[in-house]
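Here is the structure we will look at, set down as structure tokens.
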DNA sequence: CGAAACGTTGACCGTTTTCAATTACAGTGG
DNA sequence: CCACTGTAATTGAAAACGGTCAACGTTTCG
């Protein structure tokens, strides 16, 4: 799972809000992981428009493509004060191209990301806030009855599933009221399972 | 880019609408690519609910995780009559675990998918239909001035970016009217570039 | 201790969805 | 070659849902 940390420890980088880890065109020097904070990846087009490509949060790895590229293809700007771990590509490349086991771990890690992202994208196709939230709970729940621990603020969940926090709280309240879920100390339990 | 076809040719599988490539729990036997049609990946929960995990379309590879799993974790059901290519995992595994170059190609292919998916997800955070469409055009455009070929029906684009086709056509009309884009034989050209 | 973030609910407004209807076009079989 | 079916492209009108703004209590953390 943690393919990259098996290869090397990496060095910690501190960024203040607005500071950059790299810019479009800079020669690649590392792959990153966010320890805390938030990093925004954006691409600037020829015409000056800025496109958001990703927002990396605590735990996320980014710029994995650096392994096989010469230069970065987007900007990485800290959104708030952030702490990153930078894994120099040098060593990474050597290990990946000499040790098939490491390369395979890397590949399978990326494959699992793909699965997660596809599911999140599919989730966004659900228009109704209530149903979307319900699907998110089902996707992230575990156990019987299915339940989700409240280990991240609902505000974050809201951003995750593409709702404003207000809409999320309303959906939560509606589902509770309808008896589809129950919220208790630190967990949300799915009811009405058949 | 086409890591998998460099390893083996795979055998073609024909599925009628409703037929399955595999079901949750089946022992893995292949990784797939859709040649034509559409395959829906779904997971059935203990409580009977069905979760959509992905919809694979022409050109998409799916079940890449089969490489390192014993059984499939979801159902793959053809949505319409479809043609798939099945790449037996046997040989795939051997090659991937013995040849670092192949494993690395696989990893980088997955990494590029991750990049694309992240960008598509980020796109969905744009609430306004007009702006979302504009961002999609910028993301998929090429050349100066930026332009996008009409190689897929707008109906599909609508599904891609999470709008109903009606909303998309309206956004398209609005942008045209406002002079932000121009639609001509087989291309959509972004104007107002600075 | 004070300032941020989080949690929650109300009211209103705007955009998108929905439903409906129409035109255009491509492929199919008689 | 033409009626016939299915998909794509478009536009209108009305309804619904989520966004936005506002306000307030609570928790967290430097």
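Protein chains in written order, with my numbering: chain H, 1 to 194; chain V, 1001 to 1194. Cβ atoms here follow ideal geometry from the backbone N, Cα and C, with glycine treated the same way.
Listed in chain order, which residues of the region 52-73 of chain H have Cβ atoms closer than 8 Å to some Cβ of chain V? 52, 53, 54, 55, 64, 65, 67 and 68
Does the beta-carbon of residue 149 of chain H have 16 or more other beta-carbons within 10 angstroms, so that it is buried, or is it exposed? exposed
Considering Cα atoms alone, identify which of H:128, H:175, H:192 and H:101 is closest to residue 145 of chain H. When each option's Cα is compared against that of residue 145 of chain H, the closest is H:192.
Which runs of the beta strand (DSSP E) fall wholly inside the region 38-69 of chain H and span at least 3 residues, in chain order? 38-44 and 50-57
Within chain V, partners of residue 87 of chain H - CB distance below 8 Å: What residue 87 of chain H touches in chain V: nothing, since even the nearest Cβ is about 14 Å away.
What residue range does the alpha helix (DSSP H) around residue 1091 of chain V cover? 1089-1098
State whether the region 1067-1081 of chain V contacts the region 152-172 of chain H, with contact taken as three or more CB pairs (one from each stretch) at a distance under 8 Å. no
Could you tell me the alpha carbon to alpha carbon distance between residue 1139 of chain V and residue 1171 of chain V, rounded to whole angstroms? 17 Å
Please tell me whether residue 1099 of chain V has its Cβ less than 9 Å away from any Cβ of chain H. yes
Three-state secondary structure (DSSP) of residue 174 of chain H: helix
Any chain V beta carbon closer than 9 Å to residue 82 of chain H: no
Identified DSSP bridge partners for residue 138 of chain H: Answer by DSSP bridge pairing: none, since residue 138 of chain H is not bridged.
Leaving out five residues before and five after residue 43 of chain H in sequence, what residues of the same chain have Cβ atoms less than 6 Å from its Cβ? The answer, listed in chain order, is 51, 53 and 74.
Rounded straight-line distance, which links the Cα of residue 1100 of chain V to that of residue 99 of chain H: 6 Å
Exposed unless 16 or more other CB atoms sit within 10 angstroms - verdict on residue 1118 of chain V: buried
Is the CB-CB distance between residue 1017 of chain V and residue 1105 of chain V below 9 Å? The criterion of a C-beta distance shorter than 9 Å is not satisfied by residue 1017 of chain V and residue 1105 of chain V.
Please name the residue in H:137, H:31 and H:116 whose C-alpha comes closest to that of residue 187 of chain H. That would be H:137, whose Cα lies nearest to the Cα of residue 187 of chain H.
Delimiting residues of the beta strand (DSSP E) encompassing residue 1078 of chain V: 1075-1078
Applying the 10 Å Cβ sphere with the 16-neighbour rule, what's the burial state of residue 1021 of chain V? So residue 1021 of chain V counts as buried.
Strictly under 9 Å for the Cβ-Cβ distance: is residue 106 of chain H near chain V by that measure? yes
Going along chain V in order, which residues have a C-beta closer than 7 Å to the C-beta of residue 138 of chain H? 1045, 1049 and 1051
Pick from V:1023, V:1133 and V:1011 that is closest to residue 1180 of chain V, judged by C-alpha positions: V:1133
Could you give the DSSP three-state label for residue 1144 of chain V: helix, strand or coil? Secondary structure at residue 1144 of chain V: coil, using DSSP grouped into helix, strand and coil.
Any idea which residues DSSP pairs residue 11 of chain H with across the strands? BP columns for residue 11 of chain H point to H:86.
Looking at the unbroken alpha helix (DSSP H) that takes in residue 1158 of chain V, where does it start and where does it end? 1154-1161
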